[in-house]
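Numbering (this note's numbering), first residue to last: 8 to 182. See below for the structure under consideration.
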C-alpha cells in the first residue's frame with residue numbers, strides 16, 4: 008500500500024462546486040457520490056436546497072448521479088428518496104465493491120466516472136482500487152458519526168504524509 012493510494016485526483020470545497028460544464032469537459036458523465044457529509048450532512052437527512060439545485064444541474068447536463076454509501080439499504084433509501092437518485096448501499100468502501108457494482112449496473116466506463124467523498128480512507132481509497140478518478144470534498148459538518156471519527160484520526164496522519172510528498176493540498180472551487 009502506497010501513500011499515493013490516498014491521493015485524490017481533485018479537491019473541491021463541496022460537491023456543489025462540481026459544475027456540469029467542468030465535468031463534461033473532463034469527459035465525466037457519471038458522478039458516484041458518498042452520502043453522509045458529502046451529499047447531505049450525516050445529521051440532517053433532509054439535505055439542502057443546494058443539493059436539489061446541484062442534482063437538477065446534473066440532470067439537465069445528462070450526467071448520471073449515483074449515491075455509493077457504506078450505510079445500510081434502509082438508511083440510504085430514506086435519505087435519497089426525496090432526490091430521486093439511485094444508490095448502492097453497503098458499498099464496503101475502502102474496497103471497490105460498491106463502485107464496481109454501480110459501474111456494472113449502469114454500464115459506466117471507468118474513464119467517464121468520478122467518485123466524490125469526504126474521506127481519504129474510504130472514498131478516495133475505493134476509487135483508486137476501482138481505477139477511477141476521485142474528488143475529495145470538505146465534510147459538510149464538523150461532527151461525525153462515531154465510526155467515522157476513527158477514520159478521521161488516521162486520515163490526519165495520511166493527509167500529512169501526502170502533503171510531505173506533494174506539498175500543500177488545497178481545496179478548490181471547482182475542477
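Beta carbons: idealized from backbone N, C-alpha and C, even for Gly.
From this set, the options, which residue's C-alpha is nearest residue i's C-alpha?
i: residue 13; options: 109, 172, 182; result: 172
i: residue 105; options: 75, 21, 37, 35; result: 75
i: residue 44; options: 123, 135, 138, 170; result: 123
i: residue 17; options: 131, 98, 63; result: 131
i: residue 121; options: 99, 140, 166, 175; result: 140
i: residue 65; options: 133, 38, 34, 9; result: 38
Would you give the residue range spanned by the beta strand (DSSP E) that residue i belongs to?
i: residue 3; result: In the structure as shown, the chain begins at 8 and stops at 182. Residue 3 is therefore absent and cannot be evaluated.
i: residue 92; result: First-last for residue 92: undefined, no H or E at that position.
Using C-beta distances below 8 angstroms, list every residue in its chain close to residue i, excluding the 5 sequence neighbours before and after it, in chain order.
i: residue 88; result: none
i: residue 181; result: 19, 24, 25, 26, 29
i: residue 161; result: 128
i: residue 84; result: 94, 96
Which same chain residues end up closer than 7 angstroms to residue i when comparing Cβ atoms and leaving out the 5 residues on each side of it in sequence?
i: residue 93; result: 73
i: residue 107; result: 137
Helix, strand or coil: how does DSSP classify residue i here?
i: residue 134; result: helix
i: residue 11; result: helix
i: residue 19; result: strand
i: residue 127; result: helix
i: residue 37; result: strand
i: residue 169; result: helix
i: residue 97; result: coil
Leaving out five residues before and five after residue i in sequence, what residues of the same chain have Cβ atoms less than 6 angstroms from its Cβ?
i: residue 36; result: 70, 119
i: residue 61; result: 23
Contact check, residue i vs residue j under 8 angstroms by CB: the rounded distance?
i: residue 144; j: residue 68; result: Their Cβ separation, rounded to whole angstroms, is 19 angstroms, which puts residue 144 and residue 68 out of contact at 8 angstroms.
i: residue 11; j: residue 125; result: About 20 angstroms; that fails the 8 angstroms criterion.
i: residue 142; j: residue 15; result: 6 angstroms
Which residue comes first and which comes last in the alpha helix (DSSP H) that contains residue i?
i: residue 67; result: 56 to 67
i: residue 29; result: 27 to 32
i: residue 83; result: 80 to 87
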